[in-house]
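Numbered continuously in full-length UniProt numbering, the sequence shown closes out at residue 711.
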Amino acid sequence: MEVEDIAFLVRTPFNVFVLTGTLPTVGEWIHLVVTRDQNVLKFYHQGILVGSDETKGGATYYGSGTVRAILGGRSTLTQFFNGVVDDLTIYNRALTEEEVKQLYISGLPCSYYTDKLQTTIKGRIYSDENQNCAFDNTDKPLKQVLVVTQPGNYYGITDSTGYYQISADTGTYTVSQLINATDNQFVQPLCPANNVSASVTLKNRGDSVTNVNFANKVTLLPHLESAVNSDRRRRCFTNETFVTYTNNGYAAAQGVKVYVKMPKYVIFKSADKPYTIDKDSNYVFDIGILNASETGAIHIIDSVSCVANITGLTACTKAWITPANGYTLPENSPWDSSDISLTAKCIENGRVQMIIKNVGQAAMADSTEFRVYLNAQLAFRKNYLLAKGDSLILKIPANGKTIRLEADQRTGHPRKSQTNLTIEGCVSSVSDVVSKGFVDVLPQDDAEPEVSINCLMIRDSYDPNDKQVSPAGTTNDHYTSPGSELKYTIRFQNTGTDYAYTVVLIDTLSENLDLSSLHMSAASHKYTLKVSGKEKPVLIWTFNNINLPDSTLDQAGSNGFVQFSIKPKANLPEKTLIENFADIFFDYNEPVRTNTTVNVIYDVPKVINPAIQLNESIIDRVMASEPEVLRGKISLYPNPTQNQLWIQATDATVRIEQVTVYNMLGEKQVISYTQSTTQTLEVKLGEKSRGMYLLSIQTNKGTSIQRIIVQ
1 MEVEDIAFLV RTPFNVFVLT GTLPTVGEWI HLVVTRDQNV LKFYHQGILV
51 GSDETKGGAT YYGSGTVRAI LGGRSTLTQF FNGVVDDLTI YNRALTEEEV
101 KQLYISGLPC SYYTDKLQTT IKGRIYSDEN QNCAFDNTDK PLKQVLVVTQ
151 PGNYYGITDS TGYYQISADT GTYTVSQLIN ATDNQFVQPL CPANNVSASV
201 TLKNRGDSVT NVNFANKVTL LPHLESAVNS DRRRRCFTNE TFVTYTNNGY
251 AAAQGVKVYV KMPKYVIFKS ADKPYTIDKD SNYVFDIGIL NASETGAIHI
301 IDSVSCVANI TGLTACTKAW ITPANGYTLP ENSPWDSSDI SLTAKCIENG
351 RVQMIIKNVG QAAMADSTEF RVYLNAQLAF RKNYLLAKGD SLILKIPANG
401 KTIRLEADQR TGHPRKSQTN LTIEGCVSSV SDVVSKGFVD VLPQDDAEPE
451 VSINCLMIRD SYDPNDKQVS PAGTTNDHYT SPGSELKYTI RFQNTGTDYA
501 YTVVLIDTLS ENLDLSSLHM SAASHKYTLK VSGKEKPVLI WTFNNINLPD
551 STLDQAGSNG FVQFSIKPKA NLPEKTLIEN FADIFFDYNE PVRTNTTVNV
601 IYDVPKVINP AIQLNESIID RVMASEPEVL RGKISLYPNP TQNQLWIQAT
651 DATVRIEQVT VYNMLGEKQV ISYTQSTTQT LEVKLGEKSR GMYLLSIQTN
701 KGTSIQRIIV Q
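This is how it looks when you write it as structure tokens:
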């Protein structure tokens, strides 16, 4: 609204009240909101409450009755409202102060219209093939690259042509591209030089600065990603699962395959692409060649079993893509080439068998920690040490509780710092109470871009339009570790009486989220994405020509969703609150607001809860393996022993270099040893408790892990 004076006049049969008045800059576009709640009138200017008063009149009847509203015109008393109305929305309730603020920040409802006096910054972000810092025919646009200005934090994002536009107020700004962590591996800024931000000045309202471009050099490698999401997990009903696979790199990938593992109680019915089933009952989709920037989708029809008593259990669908992405280790990397994987299954007497296995190319050079949680509370923690191919087997009493195992990777692991696995529903008898709702409160084991896990609770009914976050956070306070990636899913359903031709989702993000970590994942339909806003980024997904049928016509087809992830900013104050909701627009109807998700950023101390503490009896045994080159070439005697033993290499080409002794919990033991030759070594154990110990024997041909028994 372009005005020369702002005021609000309330005229009743009894009195006339002017709430407020102000004199803005001539030619400035103004955002105004007026609310009436009972007899209380409030006036908001640019999202801020600037005045309020209490009427002495009766109820409001617009156009007739005791109160008359004149909008955008001239009152009969004086010209308080003398301007042009650009956009108008009338609500059937009084908005709250926070809703008004969000309305202003997000640009609603004006975001659907073009401001004739827009003040903009425009440019293009591209791969500069000939590195001449000028966009020409040989260059390739970079899509979905975020752009931000300082000050103000005005946001934008590039489209499929690499073009972006940011609307801002008058002033001088620096403009920067935000390269996310994935692209940092492939994208090297060229111009402006040294990744320096561009400087622009917008002198007058309506000015537009163009060609604020960013040239980059890209590395020609593929980078494969997958994302999976299901619309619902409704018992006894047909549901839909969508798997998105993408090459976000800059070169084609060959021999691409996508794997999908369906959860228990979910029945695979059909898919829109050919598939095979491997020996582990995974569904395998042979994609073949996936070109740079190419995205594909697999649409799966499935259903949830009608088995009784499964309502409230969590069904986790896993998807992954091969071949695995390559990585470059930094010089002097401390990683020892070990790699830890986990498996779990329910066994007899309400117990869970969990196996920690080193599937890497070498033995662990030192021990690291594993942790066991019961219903998301820490119950056990110890160190472990495994040679290549070795496994540590745990047998944990569950009796209906949800069991989570976390195992830290060795320092410097190029893909993730830990791996985890959660299992629920293991009982000893039908009388055991099954704990529910704990599977997704902590992060899933999908830190690698190739892997995606989607966990949904099995329900008998659903809110058709909602928002979910994973991890949901522990305790009633939703505590979430700093640095955890928050995966958001916005789900929508057309519950009207006709097709929805356009669906728009608007999500105003918390200022405590790091926009540079924003990553788009799966979606049910094609969309365009815009990023705007000031201070708080606003994400706007537009599903044009979606033609979403109503739920009475096609229950499954009436649903849709979009999924994205983002991380909290680093170094936030302890217990910073991050809330999030979205507004869903179906054609020209009033928006549907989702529920609000809550995460409190707090690193819960890893202190064992004494009430549920487990003891070392859960450690069943170690399954040892030995490198082929050392098999049968290392001998120990005597074994069992009391306080000393001899180690001998029986092959003249094998030289013993060092020996370390650990107990079964991976704790290093104090020993001494005397080496008479490179092939014979005497170990003095000292006074040790009875039991089994592990010897890590380092040789010139690898490391051998041997077991000894102290009597």
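A virtual CB, placed ideally from N, CA and C, is assigned to each residue, including glycine.
query                                                                                                           : result
Best match in G400, D446 and V670 for proximity to F438 [C-alpha to C-alpha]                                    : G400
G389, DSSP secondary structure in three states                                                                  : coil
Beta-ladder partner(s) of E240, from DSSP                                                                       : I301
6 Å CB neighbourhood of E485 in its chain, flanking five on each side removed                                   : S565 and K567
N248 (DSSP reduced to helix, strand or coil)                                                                    : coil
CB contact flag (S672, V683, <9 Å)                                                                              : yes
Neighbourhood of K530 by C-beta, 7 Å cutoff - its chain only, sequence neighbours within 5 removed              : I157 and I540
Straight-line Cα distance separating V622 from residue 733                                                      : Only positions 1 to 711 of the chain appear in the structure, and residue 733 is not among them; the question remains open.
For residue 718, the three-state DSSP class (helix, strand or coil)                                             : In the structure as shown, the chain begins at 1 and stops at 711. Residue 718 is therefore absent and cannot be evaluated.
Simplified DSSP assignment, three categories, for L529                                                          : strand
Spatial neighbours of L190 in its chain, beta-carbon cut-off 7 Å, leaving aside the 5 residues before and after : D128, Q131, C133, A215, N216 and K217
Reduced DSSP secondary structure (H/G/I, E/B, other) of T703                                                    : strand
Within-9 Å CB hit, Q131 to chain B                                                                              : Reference to chain B is not applicable here, since this structure consists of a single protein chain.
G560 beta carbon less than 9 Å from that of L548                                                                : yes
Between the CA atoms of D445 and E420 - distance to the nearest angstrom                                        : Reading off the sequence, residue 420 comes out as Asn, not Glu. C-alpha separation (whole angstroms): 5 Å.
Alpha carbon of T201 to alpha carbon of L32, nearest angstrom                                                   : 27 Å
For P189: DSSP bridge partner residues                                                                          : N216
As assigned by DSSP and simplified to three states, the class of C110                                           : Low confidence applies here, because C110 scores a pLDDT of 38, under 50, leaving its location unreliable; read the following figure in that light. Helix at C110.
Minimum C-alpha distance to M262 - residue among T502, N309 and S452                                            : S452
The segment 575-591 contacting the segment 600-607, beta-carbon criterion three pairs below 8 Å                 : yes
Check whether A407 and T703 have beta carbons under 9 Å apart                                                   : no
I374 burial status per 10 Å Cβ neighbour count (16 or more: buried)                                             : The sequence as given places Leu at residue 374; Ile does not occur at that position. Buried, because 16 or more other Cβ atoms sit within 10 Å of the Cβ of L374.
Where V604 sits in the DSSP three-state scheme                                                                  : coil
Rounded straight-line distance, which links the Cα of N180 to that of S516                                      : 5 Å
Nearest-angstrom Cβ-Cβ length linking Y245 and S226, presumed shorter than 8 Å                                  : 5 Å
C-beta atoms of I506 and V538 nearer than 9 Å                                                                   : yes
Span of the alpha helix (DSSP H), counted from its first residue to its last, around Q182                       : As written in the sequence, residue 182 is Thr, which differs from the Gln given in the question. Looking at the DSSP string, the run of the alpha helix (DSSP H) that includes T182 is A181 to N184.
Strand pairing of C316, partner residues [DSSP]                                                                 : C455
Among V40, V433, T641 and Q669, nearest to T96 - alpha-carbon criterion                                         : V40
Whole-angstrom C-beta distance between I121 and V196, which should lie under 8 Å                                : That belief does not hold up - the Cβ atoms of V196 and I121 are roughly 16 Å apart, past 8 Å.
CB contact flag (V661, Y693, <9 Å)                                                                              : yes
For D183 and W335, the rounded distance between their alpha carbons                                             : 23 Å
Distance between beta carbons of K668 and A649, contact taken as under 8 Å                                      : Their Cβ separation, rounded to whole angstroms, is 23 Å, which puts A649 and K668 out of contact at 8 Å.
DSSP-derived helix/strand/coil call for A611                                                                    : helix
Beta-carbon proximity of T411 to T368, cut-off 9 Å                                                              : yes
Coil, strand or helix - G255 by DSSP                                                                            : strand
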